[in-house]
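K.L.:
Below you will find the structure I want to go over with you.
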Amino acid sequence: MPEVYIDSLSIKNFGPYYGEHTFELGTEGYRRATLIGGKNGAGKTHLLRALYLATVGESGAIDLKKVESGSDATRFDLAESLNRRAKSEGEDSCSMTLQLSQRDETGSIGRTLTLVRQVRWRPNSPPVFSSKANLSGDSQWIEDEDKVQKLRDAFLPRHLTRFFFFDAERSQSIQLNEREITEGISRVLGLYSYSELEEDLRQLTANKIPKIYGSGSEAERRLNDITAEILRHKSNLKTLDLDESDQEQQLQDVKFELDEVEDQLKSIGAVDPESLTKATKQREEIKSTKDKLEANLGTAWESTLPISLLGGFRSELHEYLVKEERRRDFENRKASVEPKIPQVKRAVFENVPPNFLLDDSYRSFYEAQIDLALQSLFNPPPEGMSEKIFVVPERNELSIQVRSKLRTQATAIQGLANLCAELERKTSELRELDQTLKVLNSDSTAIALGNELRERRGSLLKHKEQIDEKISNIQAERVLINTKLHELHKEETNLSEQVQKVQKGRDLNSLAHRYRDAVSQIKSRAAISLREKIADIVGGLWLDITDRGLEYVGMEFDQHWNCFLKKSDGSRVSWESANTSAGQRQVRILAFTEALRRLGRFVTPLVVDTPLGRLDKEVRENVLERLYLSGHQSIILTTNAEIDPKSDLFDRIAPHLSRVYTLNPQGDPESNSYQVRVSNDYFKRVL
C-alpha cells in the first residue's frame, strides 16, 4: 500500500501565529518523526488545529468543535482564530498551506498534493472558507470545492484524519460505541465499502432495476400486437404482388394489341390525321413567311437598290438638302417679319399723347433702332445655305424624309441577296408541302380505315394509361406498407429488447438480492475477523505497556465496540467495571489507534498532541517507541514536562527524529502583541 506523508505546513495569522511560519515535516531515512515542543499555551493545540483544517477543509471546524468538548474558553472557535495583532493591523484573513506526498514501499515519491485553505473574516458575518489545490505536474490550480475534496480524499480522507490527528489527553474520553466513532472505524478498516455496496444493491433491487427494465407486462402485450400487425401488412403485400402481376399481364396484352394496330396502319399507308393537321399548319406558317419575304423584297427593290446605285452622290445630295433646309428657314422668317416692320413703327410712334411726342431727331433714332432689332430676327443669313431652292421646293419635312432614305447602308445590297435566297427556299418548301397534302387527301378509303384504326389505338392507349396508373398506385401502396413494416420491425426489435431486458432484470434482481445477502455475510464475517485482529493488537499493546498481564490475558470487542477484558479462566470483565486509571484508558485508546493504523487501507502519518499526558513515567518510553514512533511518520506535539530535553528519554528517541521545533510564546497572552516565535531546537536542545 502507498504511504502518505506530510511534507510541510505553512500557517499565516492563525491563532497566536503572527505572520507566516513554515514547518518542514518530512522524514529523512529512518528518522521518521518530528518533535515540536512548547509549554502549555504556547500554540501546540493551534498547530494541531491548523494541520487538521489544512487537511480536512471547512468541515474540519465542525469536527474540532465536537472533539474539543471543554468550556467555551478552551473550545475551538473559528470566528476567533484570526491573529489579534494581524487583525489590529487591518488584516482580515489567515491561511494554511499543506503539502502531502504519496510514496511506494521503496520510499520513492509518486505524486504530491498542495492544499491551500484561506479563511476571511467579514464584519457582522461568519468567516468565509475557501480552498484550492495543485497536483504535482499540473500548471493550473484547482479551485472547485468538489474536485479539491476528491483530491484530498485520494491522499488523506477525512475519516482517517479524525483518527490519526488527535489530542491524546482528550481522546481518553472517547466512547468507541458512539455512532460517529463506529462509522469512522468502519471506514478506516474498509468495512464501510461493504455497507455502501449493500445499500447500493438494496437501491438497485428497489428502484433502479424496475426503473431501467420495467415491469414487462405492457411491453410483452405491445410486442404481441406489433407481431400481429406485421403479419397483417405482410399479407397485404402478398395481395398487392398478385394484383400487380395481373395488371402487368394486362399491360403486356394491351401493348401487343397496340403493336398490331401500328403494323396495320403502316401496311395500308393510312393517313395520320395528326400528320395531316401538322402539315397543314406548317404550310400556313411557310406561306405567311413567304408573303413577308416578298413584301420586304419589294421594298428593297423600290428603295434600297436605287439609293445604293447613287454611290458618292448620296452624301453630296444629303449636304445640299441640309443647305436648302437652312435657306427655307431663313426665307420663312424673313417673309413673316419684314412686311410687318412699317406697321410696328406706326403702332409705336403714331397716335401718342402730346406729352409723349418725340422730337424728329429722337424719333428717327428710335425708328432706326426698332428697324435694326426686327431685321436681326432674320439677318444676317445663316452660313452654308443654298443660293436657291430647286430639289425639294415645298417643305422641310419632305427634305428630311429624303435625307433619311439617303442614309440607307450600302450593305443592304447583301441583305437583298439573302432575301432572294430565303424566298426561294420557302417557295420550294411550300411546293413540297402542297404535294404532300395532295397525296394525303387523295385516298378516302385509306383515310377511313386509318381513322378506325387510330380510334382503336386511342382506346388501347387510354386502357394502357389506366393500367399504368393502377400499377403506380400498387407500387406506391407497397412503399407505404414497406415503410410501415420498417417502423414496425424497429419497434418490434426495441420491444423484444425490452422484453429481454425485463427477463434479464428479473434475473438480475434475483442475482442482486443474492449479492446483497452475500455482501451482508461478507461484511459480518470481515467485521468479526477485524474486531478479533484489533482486539489482539490492542490487548497485546495494552497489557505490555500497562503491565497488567497477571490479571488479564487479552481483550475483545463486541459488534458495538464495547470492550471486555478476558481472564485466564475464560471469564470476561467489562471495561467499565475494570479498575483502570486515566493513563491506562489513554493507553487503550492509543493502542486502538495503532491497531487501526496497522489494519487500515491507507498508511497514514500520526499527529498527536500531549502524547504522554497522564501517563506514568515507566510507560512513557513504551508508548513512545511502540505507539508513536512505530509508524512511517509521526508528528509529536509535547511539553518539556512530558519529554525533558535533558532526559534519557529524549536521548533514546533522538535517533528517530528528523527535525525538532520549539514554540516560544512572546508577550501577554491577552494582548494584541502576543505571538509565537518558532526556533529550530527542542527547548534549546539541538539534534
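Heads up, the sequence shown is in the working numbering, so the first residue is 308 and it goes up one at a time. Beta carbons: idealized from backbone N, C-alpha and C, even for Gly.
Starting from residue 678 and walking both ways along the alpha helix (DSSP H), at which residues does that stretch end?
P.N.:
Segment 667 to 682, the alpha helix (DSSP H) holding residue 678.
K.L.:
How would you label residue 404, buried or exposed, when you count the other beta carbons within 10 angstroms and need 16 or more for buried?
P.N.:
With 16 or more other Cβ atoms within 10 Å, it is buried.
K.L.:
According to the Cβ coordinates, are residue 402 and residue 419 closer than 9 Å?
P.N.:
Against a cut-off of 9 Å, the Cβ pair of residue 419 and residue 402 comes out as no contact.
K.L.:
Can you give the Cα-Cα distance for residue 913 and residue 443, rounded to whole angstroms?
P.N.:
Rounded to the nearest angstrom, the two C-alpha atoms are 23 Å apart.
K.L.:
Would DSSP call residue 646 helix, strand or coil?
P.N.:
Helix.
K.L.:
Counting only runs of 3+ residues fully inside the stretch 889 to 942, write out the beta strand (DSSP E) ranges in chain order.
P.N.:
Qualifying beta strand (DSSP E) stretches, in chain order: 913 to 916.
K.L.:
Going by Cα to Cα distance, which pick from 774, 869, 459, 839 is closest to residue 550?
P.N.:
Answer by Cα proximity: 774.
K.L.:
Could you check the C-alpha separation between residue 930 and residue 871 for me, to the nearest Å?
P.N.:
Whole-angstrom Cα-Cα distance: 22 Å.
K.L.:
How long is the line joining the alpha carbons of residue 784 and residue 535, rounded to whole angstroms?
P.N.:
Cα to Cα, the separation comes out at about 20 Å.
K.L.:
Use the C-beta contact count for residue 917: other C-beta atoms within 10 angstroms, 16 or more gives buried, fewer gives exposed.
P.N.:
Buried, by the Cβ-count rule.
K.L.:
What residues in its chain sit with their C-beta under 8 Å from that of residue 651, if we drop five residues either side in the sequence?
P.N.:
The residues are 677, 681.
K.L.:
Suppose the cutoff is 8 Å on Cβ atoms and the five residues either side in sequence are ignored; what does the same chain contact list for residue 952 look like?
P.N.:
So the list reads 344, 989, 990, 991, 992, once near-sequence residues are dropped.
K.L.:
Rounded to whole angstroms, what is the Cα-Cα separation between residue 755 and residue 771?
P.N.:
Computed Cα separation, rounded: 24 Å.
K.L.:
Quick one, which of 790, 986, 757 has its alpha-carbon nearest residue 568's?
P.N.:
Residue 757 is the option with its Cα nearest to residue 568.
K.L.:
Enumerate in chain order the residues of its own chain whose CB-to-CB distance from residue 287 is below 8 Å, with the five nearest sequence positions on each side excluded.
P.N.:
No information on residue 287 is available, as it lies outside the stretch 308 to 994 that the chain covers here.
K.L.:
When you compare only the Cα positions, how much space is there between residue 432 and residue 804?
P.N.:
When rounded, the distance between both Cα atoms is 58 Å.
K.L.:
Would you kindly check if the distance between the Cβ of residue 371 and the Cβ of residue 320 is under 9 Å?
P.N.:
Not closer than 9 Å, so no.
K.L.:
With DSSP collapsed to three states, give me the class of residue 843.
P.N.:
DSSP places residue 843 in helix when its eight states are reduced to three.
K.L.:
Return the CA-CA distance between residue 465 and residue 799, expressed in angstroms with no decimal places.
P.N.:
Their Cα atoms are separated by approximately 52 Å.
K.L.:
Could you tell me the alpha carbon to alpha carbon distance between residue 340 and residue 943, rounded to whole angstroms?
P.N.:
The alpha-carbon atoms of residue 340 and residue 943 are separated by roughly 7 Å.
K.L.:
Using the DSSP secondary-structure output, state which residues sit across from residue 971 in a beta bridge.
P.N.:
Answer by DSSP bridge pairing, in chain order: 984.
K.L.:
Give the secondary structure of residue 717 by DSSP, where H, G and I count as helix, E and B as strand, and everything else as coil.
P.N.:
Residue confidence is low: residue 717 scores 49 on pLDDT, short of 50, so the model does not pin down where it sits. No coordinate-derived value is stated.
K.L.:
Is residue 359 helix, strand or coil when you go by DSSP?
P.N.:
DSSP places residue 359 in helix when its eight states are reduced to three.
K.L.:
Can you give me the C-alpha to C-alpha distance between residue 470 and residue 896, rounded to a whole angstrom?
P.N.:
If I take the Cα positions, the gap works out to 10 Å.
K.L.:
Checking 9 Å against the spacing of the C-beta atoms, do residue 311 and residue 911 come in under that value?
P.N.:
For residue 311 and residue 911, yes; Cβs fall inside 9 Å.
K.L.:
How many angstroms separate the CA atom of residue 868 from the CA atom of residue 882?
P.N.:
Computed Cα separation, rounded: 11 Å.
K.L.:
Could you give the first and the last residue of the continuous alpha helix (DSSP H) run that contains residue 452?
P.N.:
Per DSSP, residue 452 belongs to the alpha helix (DSSP H) from 452 to 462.
K.L.:
Measure the C-alpha to C-alpha separation of residue 935 and residue 853 and round it to an integer number of angstroms.
P.N.:
In a straight line, the C-alpha of residue 935 is about 16 Å away from that of residue 853.
K.L.:
My understanding is that residue 696 touches residue 634, with C-beta atoms under 8 Å, so please give their C-beta distance in whole angstroms.
P.N.:
6 Å between Cβ atoms; contact.
K.L.:
Report yes if the C-beta distance between residue 355 and residue 462 is below 9 Å; otherwise report no.
P.N.:
Contact: no.
K.L.:
Is it buried or exposed for residue 790, if we count other Cβ within 10 angstroms and need 16 for buried?
P.N.:
Classification of residue 790: exposed, given that the 10 Å Cβ count is below 16.
K.L.:
Among 699, 526, 540, 729, which has the Cα closest to the Cα of residue 593?
P.N.:
Of the listed residues, the one whose Cα sits closest to residue 593 is 729.
K.L.:
Might you give, ordered along the chain, the residues of its own chain that have their beta carbon closer than 7 Å to the beta carbon of residue 996, omitting 5 neighbours on each side?
P.N.:
Residue 996 falls outside the range modelled here, since the chain spans only 308 to 994, and no answer is possible.
K.L.:
Taking C-beta to C-beta, are residue 477 and residue 363 nearer than 9 Å?
P.N.:
For residue 477 and residue 363, no; Cβs fall outside 9 Å.
K.L.:
Over the uninterrupted beta strand (DSSP E) stretch that includes residue 314, give me the two end residues.
P.N.:
Looking at the DSSP string, the run of the beta strand (DSSP E) that includes residue 314 is 310 to 321.
K.L.:
Nearest to residue 527 by CA position, among 415, 807, 590, is which residue?
P.N.:
Comparing Cα positions, the closest option is 807.
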